[in-house]
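Numbering (the working numbering), first residue to last: 12 to 72. Ideal Cβ placement from N, Cα and C applies to all residues, glycine included. Since this is a predicted model, take the numbers as computed values, not measurements. Have a look at the structure below before the remarks.
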């Protein structure tokens, strides 16, 4: 199993795909949001990176 903390760091440090951003509102579990914020600045980018990794892994399913 991939360590999520390591995955978050690797994904944020990787070159991002140049796409437009869209502002959305989502509901996250309080503990998940607290953990992401506790990792430091850029928690929204980390959340996006995790979602992008999932998207990239499954977009051709």
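_Please classify residue 57 as buried or exposed, where buried requires at least 16 other C-beta atoms within 10 Å of its C-beta._
For this step, residue 57 is matched to residue 46 along the chain shown. Around the C-beta of residue 57, 16 or more other C-beta atoms lie within 10 Å, and the residue is accordingly described as buried.
Exercise for review: Just the C-alpha distance for residue 34 and residue 53, rounded to the nearest angstrom, thanks.
Suggested key: Taking the chain shown and counting its residues from 1, the one referred to as residue 34 is at position 23. Taking the chain shown and counting its residues from 1, the one referred to as residue 53 is at position 42. Going from the Cα of residue 34 to the Cα of residue 53 covers about 15 Å.
**Nearest neighbour of residue 36, chosen from 30, 59, 50, 46 [CA to CA]** = Translated into positions along the chain shown, residue 36 becomes position 25. Residue nearest to residue 36 within the set 30, 59, 50, 46 is 59 (criterion: CA-CA distance).
- In terms of residues, what are the limits of the alpha helix (DSSP H) holding residue 55? Taking the first residue of the chain shown as position 1, residue 55 is located at position 44. Element bounds for residue 55: 54 to 69.
What are the boundary residues of the alpha helix (DSSP H) that includes residue 44? Sequence index remark: in the chain shown, residue 44 carries index 33 (1-based). Unbroken alpha helix (DSSP H) run through residue 44: 41 to 49.
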